């Protein structure tokens, strides 16, 4: 049963959590609220119907066919037919459209007459996702238009339909995206950004709650309550937080894999275990920072810096093997990096747990590392000095 | 001395007082200078490689012919793909993928060479690992280019052998030409940095102002009810708010020039805008950010609260800015909320000017929105100042 030596510190920990609404905001409202934000923001999965324009200088039957083909796909939506290249370019700069397709003068005549006209398109890559998607939409239509013209010509010369098709595309690479066949951005981003945000909030709350004792000068009393043991004092303070964050973490998993039906090809228990280890490892990371720098502002600054850079350096979008070596190593000091690798293995790809063994082990290292610095924290708690 | 002169003297006093607060607070200086100076450097260090190259893939070759080996060699020769190894079957290829050794598997069917030789269409499945969309995209575009290349090669040969009935074409009778605007190299840093630096300006300023706000709240609690020396009362709220905002904006002028001009220049990011255009755009942006920060600063009870309340919003504001998920695809509520954040319009306006070479006139929508937000947040700050001043006076008289 609960030892009386731990009961005091635990009660104190719970009381201090309940003392300010800020804790509820940071521990419950932010993680769950932002999860909901991500899920609803990217509810469509892919941003469809990118606004684009067309510059039709030909106004022929064939150019109208191309326009219809552009509008028929789900990627593009033609917002306007511009008179000239310059007008369309200005619309891009204003941000009305993300790209446009140009059909040159005498396009139909040249295409049929074998004069090789050029279909061109411009995409604005300053916005990556709509840029990429409109590029894809334009390119598909440009290539299929070209293809259908040749095919018509070839079939006209007496060639069989499928022979003509194989002439146009002798080899077709059929790319199959495993695990996320819809290239759904919601699945891709929410699964990595949410745990990273949780890691940030856990580190901040851990540091805030511990260093506040030093700031207020109550750390001596805090230690005395725990009969002089920094471990008991920390257990009392952090275990209630662990419980809250575990519940919030499981809620997030429920929202992602249950409510939003994100792919979960492996075991749900593996993900739950990974989430639990992420919570504890993030607390350990916060504890480590505050032990090294027992000053609230400095420790919180370092945790914020780490927490925000995590979104980039944990390689959720830009792969770690493409980064410069000295930058890439920082990826491996972040708890959420290991959570992410477990997620990729267990939820997205559904491979055997065996392949994630090192990642689970790595998450266990964080508490061990943090425990080596507790003596510093204890020293700071016994002689609290607050530097604003 | 008439009222207007007095008001300007009060404004000047508020400005001086705030400048002294900022300069004497190491924490604020870290946010106002350290953060905007260092973050862009760190971010470019992370993203500067720009492109994803040489992604390892495995091959399961059921055909084992000269043609299939040629296909693999051509795939290996692309800049995006690198052959890791041949695998005897799909199961062992998937094991390689599970171990993280390869991110794609090419499975060449047993009739591949037969199809090529007899003029039938050959389909080659490629399985892409989807943890990072950037890798998938690199594979996809490399394979599409490869397909076009093979098409030209094979089709030319086949047409020649099919007899001269076919039109004399090398490939297709219609050329297609793709023009990439803005981020012409399609590099990752070139895309993300111009947006991120603007967000850094807003967030570092808001953090600093909230740190000041929290410190002031602590001081008020310590001093109350002994001495009621609220600066709001001595100067009048409007002069105080404007004086403070002016102080922050003046402080941010060199930082803004550094982050918007020198960072793109040093790191070879897109930078074709006219400085007069984007610096003018930054004026309402900095003002709106300052008022936004002063408004939020009222919520802080402790000096360190800024970390809890503000840091995580960077992630939310990044998404609201439309840099990752475009604004036209946002649900109504988030679209409207995004419109209320200065960084959304700052990012939009700056990217158009900086990467697309738009003029300020062409960026009039963000420009006007920023002035509107500045006015709205100023009004909110004024209202809050009036209400809290009344509350404090009432407390004192009890």
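Chains as they are written, first to last, in this note's numbering: chain A, 1 to 388; chain B, 1001 to 1398.
Heads up, the beta-carbon is just placed ideally off N, CA and C, and yes, glycines get one too.
On a predicted model such as this, the values are computed, not experimentally measured, just so you know.
- Contact between the region 1185-1192 of chain B and the region 1294-1311 of chain B is absent: fewer than three C-beta pairs spanning the two stretches fall below 8 Å.
- Scanning its chain for C-beta atoms nearer than 7 Å, with the 5 sequence neighbours on each side dropped, one finds around residue 1248 of chain B the residues 1205, 1209, 1290, in chain order.
- Inclusion of residue 1084 of chain B and residue 1192 of chain B in the CB contact set at 8 Å is not warranted, their separation being larger than that value.
- The residues 1210, 1296, 1299, 1300, in chain order, have a CB closer than 8 Å to that of residue 1309 of chain B in the same chain once the five nearest residues on each side in sequence are set aside.
- Taking the Cα of residue 1045 of chain B as reference, the smallest distance to any Cα among A:53, A:302, A:322, A:343 is reached at A:322.
- By the criterion of at least three beta-carbon pairs nearer than 8 Å, the region 216-226 of chain A is not in contact with the region 297-304 of chain A.
- In this structure the region 1119-1129 of chain B lies against the region 1093-1110 of chain B, because at least three pairs of beta carbons, one per stretch, are closer than 8 Å.
- Judged by beta-carbon spacing, residue 1149 of chain B lies beyond the 8 Å limit of residue 1109 of chain B, meaning their Cβ atoms are not closer than that value.
- Near chain A, meaning a CB-to-CB distance below 7 Å, the residues of the region 1326-1348 of chain B are 1326, 1328, 1329, 1330, 1331, 1334, 1348.
- Judged by DSSP secondary structure, residue 224 of chain A falls within the alpha helix (DSSP H) whose first and last residues are 219-225.
- In this structure, the alpha-carbon of residue 1042 of chain B lies about 46 Å from that of residue 1174 of chain B.
- Not flagged as an interface residue toward chain A: residue 1072 of chain B, since no C-beta distance is shorter than 8 Å.
- Spatial neighbours of residue 99 of chain A in its own chain (CB-CB distance under 6 Å, excluding positions within 5 residues in sequence) are listed in chain order as 52, 122, 123, 124, 134.
- Residue-level contact check: residue 1281 of chain B does not touch chain A, since none of the beta carbons of chain A fall below 8 Å from its beta carbon.
- Listed along chain B are 1098, each with a C-beta nearer than 7 Å to that of residue 351 of chain A.
- Under a criterion of Cβ atoms nearer than 7 Å, the residues of chain B adjacent to residue 142 of chain A are, in order, 1176.
- 8 Å or more divides the Cβ of residue 1278 of chain B from the Cβ of residue 1328 of chain B.
- Neighbours of residue 1147 of chain B in chain A, taken as residues whose beta carbon is under 8 Å from its own, are 169, 171, 172, 173 in chain order.
- Rounded to whole angstroms, the separation of the alpha carbons of residue 195 of chain A and residue 35 of chain A is 10 Å.
- Neighbours of residue 67 of chain A across chain B, judged by C-beta separation under 9 Å, do not exist; the nearest C-beta is about 15 Å away.
- For the options B:1014, B:1022, B:1051, the alpha carbon positioned closest to that of residue 324 of chain A is the one of B:1051.
- At least 8 Å separates the CB of residue 1275 of chain B from every CB of chain A.
- Under the DSSP assignment, residue 1107 of chain B falls in the beta strand (DSSP E) whose first and last residues are 1104-1108.
- Per DSSP, reduced to three states, the secondary structure at residue 314 of chain A is coil, with no helix or strand assignment.
- Distance from the CA atom of residue 138 of chain A to the CA atom of residue 1180 of chain B, rounded to whole angstroms, is 12 Å.
- Sorting A:193, A:25, A:217 by C-alpha distance to the C-alpha of residue 384 of chain A places A:217 at the top.
- Counting only the Cα atoms, residue 208 of chain A lies some 15 Å from residue 239 of chain A.
- For residue 256 of chain A, the CB contacts under 6 Å within the same chain, skipping 5 residues up- and downstream, are 262 in chain order.
- For residue 283 of chain A, none of the residues of chain B pass the 9 Å Cβ criterion, the least Cβ distance being about 16 Å.
- Burial state of residue 248 of chain A is buried, judged by a 10 Å Cβ sphere holding 16 or more other Cβ atoms.
- When the five nearest sequence neighbours on each side are left out, the beta carbons in the same chain lying within less than 6 Å of the beta carbon of residue 370 of chain A are those of 284, 287, 288, in order along the chain.
- Contact between residue 363 of chain A and residue 277 of chain A holds, with the beta-carbon distance rounding to 4 Å and staying under 8 Å.
- A buried status is given to residue 184 of chain A, since no fewer than 16 other beta-carbon atoms sit within 10 Å of its beta-carbon.
- Between residue 1199 of chain B and residue 1028 of chain B, the CB-CB gap reaches or exceeds 8 Å.
- For a Cβ distance threshold of 8 Å, residue set 175 of chain A lies close to residue 1139 of chain B, ordered along the chain.
- DSSP, read as helix, strand or coil, puts residue 1284 of chain B in helix.
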